[in-house]
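J.: Next up is a structure, given as C-alpha cells.
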Amino acid sequence: MQPEIKEIACPNCSSKQTKKHGTKKKKLQTLQRYFCKSCRKTFTLEKSNKTYPVSLILTAVSYYNLGYSQTELLGMLSKRFKAKPSQKTISNWLNEFKGICTFSNLRDKAIKLYNPESIIHTQTLNHIQPYTFKYHKAKLYLLFHDVKYNNQFHNIAHFYEPLKAYL
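Position in the sequence shown (from 1) plus 6 gives the number in the numbering used here.
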C-alpha cells in the first residue's frame, strides 16, 4: 500500500499539476517553492505575512506565560534564535494570541506566587519505562484557591492536597 501523497494546488490557477521547485530564503526562515506546470508560475504555501518564524513566536508566548517579562524575553530570544524582535513586536504577539492563551487571565496572580524558574514542577515517574511528568504549579494552585472558579473545586482536602502530595 502506497502512502498518500498530498497534491499541492496552485493558488493562481488551482491546478494540481505542481512540483517542488527549490527553496526561498527569507531573513529568518526557508520556505519550500513550488512550480505549476499549467500556468508556469512559482509559489510558496506561506499564507502568513509574519516576518518571524512561527517557532519563535510560539516560544515568546510560552516564555511570557511562564512569567518572564517582555524585556527578559528579548534576551532569551536573541540567544536562542539569533533574532532580535522589538519589544513592540513581542507585545503585539502577546495581544494577538491573548484570546487563545487561557493563562493570560491568571498570569498576574501566578507571577506573584512563583518565579519563572519554579512555576513548572517536573517529576520523573518510574513505571515500566521512566517518563517525565510536568505540571504548572500556579495553575493548580489557582484552580483550587481563586474565586474566579466559584469554588467549583472547593474541597481542597479531597483533591488538591492528595494530588499535590502524589505529584
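Beta carbons are placed, not taken as given, at the ideal position from N, Cα and C, and that holds for glycine. As the structure is a computational prediction, the values presented were derived from the model and not from experiment.
Can you name the start and end residues of the beta strand (DSSP E) that G81 belongs to?
T.: Position 75 of the sequence shown, counted from the first residue, corresponds to residue 81. Careful: G81 lies outside any beta strand (DSSP E), inside the alpha helix (DSSP H) at Q76 to F87.
J.: Cα separation between S20 and I14?
T.: Looking up residue 20 in the sequence shown gives position 14. Looking up residue 14 in the sequence shown gives position 8. Distance between the alpha carbons of S20 and I14 is about 9 Å.
J.: Per the contact definition of three or more C-beta pairs closer than 8 Å, is the region 63-76 in contact with the region 94-108?
T.: Per the Cβ contact rule, the region 94-108 is in contact with the region 63-76 (3 or more Cβ pairs under 8 Å).
J.: On the DSSP letters alone, give me the boundaries of the beta strand (DSSP E) that N132 sits inside.
T.: Mapped onto the sequence shown, residue 132 falls at position 126. It spans I126 to N132 - the beta strand (DSSP E) in which N132 sits, taken as one unbroken run.
J.: Among A89, S75, T77 and R39, which has the Cα closest to the Cα of P59?
T.: Translated into the one-based positions of the sequence shown, residue 59 becomes position 53. Out of A89, S75, T77 and R39, A89 has the C-alpha closest to the C-alpha of P59.
J.: Please state the DSSP three-state secondary structure of Q35.
T.: For the purposes of this step, residue 35 is taken as residue 29 along the sequence shown, with counting starting at 1. Of the three classes helix, strand and coil, the one that applies to Q35 here is coil, per DSSP.
J.: Would you identify the three-state DSSP class for T57, choosing helix, strand or coil?
T.: The residue given as residue 57 occupies position 51 in the sequence shown. Of the three classes helix, strand and coil, the one that applies to T57 here is coil, per DSSP.
J.: T29 bridges to which residues according to DSSP?
T.: One-based indexing of the sequence shown puts residue 29 at position 23. Bridge partners of T29: Q38.
J.: In the DSSP assignment, find the beta strand (DSSP E) that holds F139 and state where it starts and stops.
T.: As a working note, residue 139 is residue 133 in the sequence shown. Counting along the chain, the beta strand (DSSP E) containing F139 begins and ends at P136 to H142.
J.: In whole angstroms, give me the CA-to-CA distance for A80 and A66.
T.: What you label residue 80 is simply residue 74 of the sequence shown in a count that begins at 1. What you label residue 66 is simply residue 60 of the sequence shown in a count that begins at 1. According to the sequence displayed, residue 80 carries Leu and not Ala. Looking at the two C-alpha atoms, the distance is approximately 9 Å.
J.: So, with DSSP's three-state summary, where would you put F150?
T.: Within the sequence shown, residue 150 is the residue found at index 144, counting from 1. Three-state result, F150: helix.
J.: So what's F109 in DSSP terms, helix, strand or just coil?
T.: Numbered from its first residue, the sequence shown carries residue 109 at position 103. Three-state result, F109: helix.
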